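Asks:
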Amino acid sequence: MTTVVVILSTVNATIGGWEWEPIKNLKDEHVQEIAEYAVQAYNMISNSFPIQLVKVEKGKIRYAGGTNYKLVVAAVVPETGNMVKLYETIVRENIFNAKKVVYFRQLFKSAPTIKN
15 MTTVVVILST VNATIGGWEW EPIKNLKDEH VQEIAEYAVQ AYNMISNSFP IQLVKVEKGK
75 IRYAGGTNYK LVVAAVVPET GNMVKLYETI VRENIFNAKK VVYFRQLFKS APTIKN
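Each residue of the sequence shown is one higher than the last, beginning at 15 in the working numbering.
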């Protein structure tokens, strides 16, 4: 009995339970929706100027009790001269499409300023 449990656990991890996989299409409408949700959630709790999503730079996905999205997003702060900053976030979406931001943090590497 113990051997069967170990084997099933290993199979689940290999098939797509706990491994992060690259997102093939970062411009996918649902990926963009997840990124926008994370930015809006950040803006609701942040004490600084609101940020605006520019694009999704990188992304990974993991299926484990729902869908987890690990994204690196580029965003601007219009009030500070459109300096582009990079943020990393994980958003968990359950089987009922309810979303929750697990974390959202600024990366210390910044991108160039967007010119108007």
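All C-beta atoms in this analysis are idealised placements derived from N, C-alpha and C, irrespective of residue type, glycine included.
All values derive from a computational prediction rather than experimental measurement.
Once DSSP output is grouped into helix, strand and coil, what is the label at P64?
Replies: coil
Asks: Less than 8 Å between C-beta atoms, sequence neighbours within five positions excluded: which residues of the same chain meet that for F110?
Replies: Setting aside the 5 residues that flank it on each side, F110 has no residue in the same chain whose C-beta is closer than 8 Å to its C-beta.
Asks: Roughly how many angstroms lie between the CA atoms of L100 and S62, to the nearest whole one?
Replies: 16 Å
Asks: Under a three-way DSSP split, which group does T109 fall into?
Replies: Before going further, note that residue 109 is Ile rather than Thr in the sequence given. When secondary structure is reduced to three states using DSSP, I109 falls in the coil class, being assigned neither helix nor strand.
Asks: With a Cβ-Cβ cutoff of 8 Å, do L121 and E102 count as a contact?
Replies: yes
Asks: Could you give the distance in angstroms between the alpha-carbon of I65 and the alpha-carbon of I37?
Replies: 24 Å
Asks: Using only the alpha-carbon positions, how far apart do I59 and V115 sit?
Replies: 12 Å
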